[in-house]
Every structure is written in structure tokens, then in C-alpha cells.
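Novice: Going by my numbering, the sequence shown opens with residue 76, and the numbers climb by one from there.
Virtual Cβ for every residue (Gly too), placed ideally from N, Cα, C.
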Amino acid sequence: MTEPVRLAVIGAGLIGKRHVEHITIEASAELFAIVDPSDNSRIMAAEYGVKWFPTFAEMAAAGKPDGVVISTPNQVHVLNGLEAIAGGVPALVEKPIAVDVPEAQKLVDAADKAGIPLLVGHHRRHNPMIQKAKETIDAGRLGKIVSVHAMCWFFKPDDYFDVEWRRNKGAGPVFLNLIHDVDLLRYLCGDVVSVQAQESSDNRFYEVEDTAVILLRFKSGVLGTINSSDTIVAPWSWEITTGENPTYPRTDESCYFIGGTHGSLTVPYLDLWHNKARRSWSEPIHRDRVPFQDQDPLTLQIRQFANVIRGKEPPLVSGREGLQTLKVIEAVKQAAATGMAINV
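(1) Taking the runs of the beta strand (DSSP E) that are 3 residues or longer, which of them lie wholly in the region 203-272?
(2) Between which two residues does the alpha helix (DSSP H) harbouring GLY334 extend?
(3) So, are the CB atoms of VAL365 and THR211 less than 8 Å apart?
(4) With burial defined as no fewer than 16 other Cβ atoms inside 10 Å of the residue's Cβ, what is the status of ARG353: buried or exposed?
(5) Can you tell me which of ILE172, HIS152, ALA161 and ASN320 puts its alpha carbon nearest to the alpha carbon of ARG93?
(6) Secondary structure at VAL342, three-state DSSP: helix, strand or coil?
(7) Leaving out the 5 sequence neighbours to the left and right, which residues in its chain are closer than 7 Å to SER312 when beta-carbon positions are compared?
(8) Assuming GLY265 contacts SER295 (C-beta within less than 8 Å), just tell me the rounded distance between them.
(9) Kindly indicate which residue of THR400, PRO310 and ALA137 has the alpha-carbon position closest to the one of LYS231.
(10) Can you tell me the Cβ-Cβ gap for LYS181 and VAL143, rounded? I've got them flagged as a contact below 8 Å.
(11) On the premise that LYS139 lies in contact with VAL164, defined as a C-beta separation below 8 Å, what is that separation, rounded to the nearest angstrom?
(12) Could you check how far apart the C-beta atoms of VAL183 and LEU193 are, in whole angstroms? I think they sit under 8 Å.
(13) Quick one: Cα of LYS351 to Cα of THR322, how far?
(14) Classify GLY73 as buried or exposed, calling it buried when 16 or more other Cβ atoms lie within 10 Å of its own Cβ.
(15) Pick helix, strand or coil for ASN302, following the three-state DSSP scheme.
(16) Taking DSSP as the reference, what is the three-state secondary structure of SER393?
(17) ALA185 to GLU158, Cα distance in whole Å?
(18) What separation, rounded to the nearest whole angstrom, lies between the Cα atoms of VAL223 and ALA121?
(19) Report all residues from its chain with a CB closer than 7 Å to the CB of HIS81; omit the five preceding and five following residues, and keep chain order.
(20) Thinking C-alpha only, which one of LEU375, ASN149 and ALA189 is nearest ILE172?
(21) Tell me LYS126's beta-bridge partners as DSSP assigns them.
(22) Using 8 Å for Cβ pairs, my map puts GLN271 next to ALA416. What's the rounded Cβ distance?
(23) By Cβ distance, which residues of its chain are closer than 7 Å to ALA363, with the 5 residues on each side in sequence left out?
(24) Comparing alpha-carbon positions, which option in LEU391, THR413 and ALA208 lies nearest SER339?
(25) Determine contact between the region 232-249 and the region 275-284, defined as no fewer than three beta-carbon pairs at a distance below 8 Å.
(26) Mapping DSSP to helix, strand and coil, what is GLY423?
(27) Would you mind reading off the limits of the beta strand (DSSP E) that contains GLY142?
(28) Could you please give the first and the last residue of the uninterrupted beta strand (DSSP E) stretch that includes ILE315?
(29) Please go through the same chain and pick out, in chain order, the residues whose beta-carbon is closer than 6 Å to the beta-carbon of MET204, but skip the five residues on each side of it.
(30) Go through its chain and collect everything with a Cβ distance to ALA381's Cβ below 7 Å, but skip five positions before and after it.
(31) Which stretch, first to last residue, makes up the beta strand (DSSP E) that contains VAL365?
(32) Using the Cβ count rule (16 or more neighbours within 10 Å means buried), how would you classify THR336?
(33) Our contact map puts VAL267 next to VAL419 with C-beta atoms below 8 Å; I'd like the distance itself, whole angstroms only.
(34) Just to confirm my understanding: we take HIS361, look at its own chain, exclude 5 residues before and 5 after, and list those with CB closer than 8 Å. What are they?
(35) By the DSSP assignment, the alpha helix (DSSP H) with PHE380 in it spans what residues?
(36) Check whether the Cβ of GLY162 lies closer than 7 Å to any heavy atom of the ligand NAD, and answer yes or no.
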């Protein structure tokens, strides 16, 4: 049998705790250490019976793991990633890979130069439903993809904004939520080459936006739209339609719509709409539901990280993929600020 890979988790906040839990239940990995200066993380390490270190340097001095999962605040992702690369340790960095494109580029270039695997935690790509959607598109069942649309409407309660940074620039649905949706549309439809966008903060009047409408042009010629708001009570968002995170109540609605010359596909239920005979709006349209096996994408992400460390497969979401998604998000913010179309 292959020995489990030893993974350390750097940063023991909300997402860090989830990574710890998923490592402990995945047979191909084992929890090596928790790295975080807080007392709570030290207590957590004791509860799991693993080593605790306040810093990466102190852990490295005592013995390196096979890989690290970096779930620290966004502002220190690059610093922590560079520490891992300098130490020769493969890293899975939570999204976003960095707070801006130049910093992300620095990290990706350092990993490439050192030959150290660098992955980004866009875990939704690992969801079997997304894998099946991509398989359906790539098999040509929709014909030529023409247009895509993502709905991201949800309501964040007032007490969510009691935390000051959530009201300031750098927070908001574009950076915190939309980056996932942009990454999935890139995965399903290819690279984005230009962006137009408008934002509004006219509902809460915070420094950060509460609503954004975005137009994407993909390299393939596909046109896409994303309508996002965290101030609308609605059933159409990834969080509320997929059931991926039990924190959110689930609806039976859809959040993505992918349209092609021979059919259309909805996400998350993978309803494939098509004409059985002649393609026409006057012909009956039929629905087939594409089957898939539901599995926890965070567990699958850890399993894939273990396989990457062993050299068995390439990363599903490499550092460079995380960089490209961040470039689109940065273009969205620039387009909204200037009112101009921005090339990615």
C-alpha cells in the first residue's frame, strides 16, 4: 500500500478547520501539523494529536511535511506560498491565490522556477457535477457553445457586516463570491479575453459594491453574463442550489445556464434541453437529466493534492490557473471603475 502523504495546514480559521477535517477522513493523506500562532490552533492540534507550530519556519526546522495547505488570510497567501516553495514543499493555496495580479505572478513564477507543485483551492472544479458538465460540453452534446449565464443572487444579513473589513474595498461579492463563478465558467468555456462591468453600492451605501453585472467575451467566441448581488433575497446562486455546503438551505433552482447550437445545460441539476428531431423553436423541446455521483469536492481536492505530490497526475487547478482567474476578477474591477471594456 502507498503511505499517506503528510499534510500540514497553515492557518486554522474557518476554512482551515474544514481542511483539517477533510485531511483526517481521506485515506491517501494524514494530518502532519497545524501551523498558526493562535492559542485556539494549539488546542486544535492537541485535540487531533498532531504537532503544532506558530510559524512555517519553526515547523521546517523540526521536520518538513510532504505538502502544505495554506488557508491564511488572503494578504499573506504569497508570503506563505513563497516559504513553502523555498523549503521545497508542494502547496495548495486557498483562493484567491493573491490579493493582486503582480503578487500572484511572483508566486507562480517562483513555483515554476523551483519545479514545486503549486495548486489553488478553487475546489468547485473538483465537484463531480462540474466534471460531468465539462464532459457533456466537451463531448459536443450541446453543439457549439454560444452563450453562458451565471446567477449569483443571495442576501447577506446585516450582522454579516459587523466585521469592518467586509464593508471596505477588497471585500464584496466580486472578490469574495464571484471569483468562484468566474473560475468555473473559465473551466467550462475556456479563457476570457475581455470584460465589461458595472457595479453599484446604492443599497447599503458601503465602500464596497453590493451588486455587479458583468459581460465576458471568451477566446472561443462565447459570450457570457454574470449577475451578482449580495442584497437580493433569491434562490439562484451556487451556494443555495448545489447543497455543497450544508450551511445554506438548498432550493431546486438552477444557477448556471450554458447554451449551444444543439442544446442547453443547467447547473447544478444538469438538465439537458434539446430537440429530438429538427432544431426549431416550434418543435417540442425535451429534457434529459445527466446523471452523476455526488461527492464532497473538498475531499476530492485533498485526494488530488496527494496524487500530485506523488507525481501521479497534474494539478486540476494549478497556480497559473488561479492567476488567470484573478486576472479576470481584476479586469472586472477595472472595467467597473472606468466604464471601459478591459482586455484580460
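Specialist: So, from the data block:
(1) 220-228, all fully within the region 203-272.
(2) Counting along the chain, no alpha helix (DSSP H) covers GLY334; the unbroken beta strand (DSSP E) around it starts and ends at 331-335.
(3) Contact annotation: VAL365 and THR211 have beta-carbon atoms nearer than 8 Å.
(4) Counting the other CB atoms within 10 Å of its CB gives ARG353 a total below 16, which places it among the exposed residues.
(5) It is ASN320.
(6) Three-state DSSP puts VAL342 in a strand.
(7) Cβ within range, chain order: MET226, CYS227, TRP228, PHE229 and CYS330.
(8) 5 Å between Cβ atoms; contact.
(9) Among THR400, PRO310 and ALA137, the Cα nearest to that of LYS231 is on PRO310.
(10) Not confirmed; about 18 Å, so no contact.
(11) Contact between VAL164 and LYS139 holds, with the beta-carbon distance rounding to 6 Å and staying under 8 Å.
(12) For VAL183 against LEU193, the beta-carbon gap comes to about 7 Å, under 8 Å, which counts as contact.
(13) A straight-line Cα-Cα distance of about 40 Å links LYS351 and THR322.
(14) Any answer about residue 73 is impossible in this case: the structure gives the chain only from 76 up to 419.
(15) ASN302: strand per DSSP, three-state reduction.
(16) Residue state, collapsed to three classes: strand.
(17) The alpha-carbon atoms of ALA185 and GLU158 are separated by roughly 10 Å.
(18) Cα-Cα distance, rounded: 48 Å.
(19) His is not the amino acid found at residue 81; the sequence shown has Arg there. So the list reads GLU105, PHE107, PRO140 and ASP141, once near-sequence residues are dropped.
(20) Considering only alpha carbons, the answer is ASN149.
(21) When beta bridges are read from the DSSP output, LYS126 appears opposite ALA108.
(22) Correct: roughly 5 Å between the Cβ atoms.
(23) According to the sequence as given, residue 363 is Asp; it is not Ala. The answer, listed in chain order, is LEU347.
(24) It is ALA208.
(25) Yes: the two stretches touch, three or more of their Cβ pairs being nearer than 8 Å.
(26) With the chain covering only 76 through 419, there is no way to say anything about residue 423.
(27) It spans 142-145 - the beta strand (DSSP E) in which GLY142 sits, taken as one unbroken run.
(28) Taken as a continuous stretch (DSSP letters only), ILE315 belongs to no beta strand (DSSP E), being part of the alpha helix (DSSP H) at 313-317.
(29) Correct list, in chain order: PRO343 and PHE367.
(30) Excluding residues within five positions, the ones whose Cβ falls inside 7 Å are VAL80, SER103 and ALA104.
(31) Element bounds for VAL365: n/a, residue is neither H nor E.
(32) Flag for THR336 reads exposed.
(33) With a Cβ gap of about 5 Å, VAL267 and VAL419 count as contacting.
(34) So the list reads TRP348, HIS349, ASN350 and LYS351, once near-sequence residues are dropped.
(35) Unbroken alpha helix (DSSP H) run through PHE380: 372-384.
(36) Among the components modelled here there is no ligand, and therefore nothing to report on the ligand NAD.
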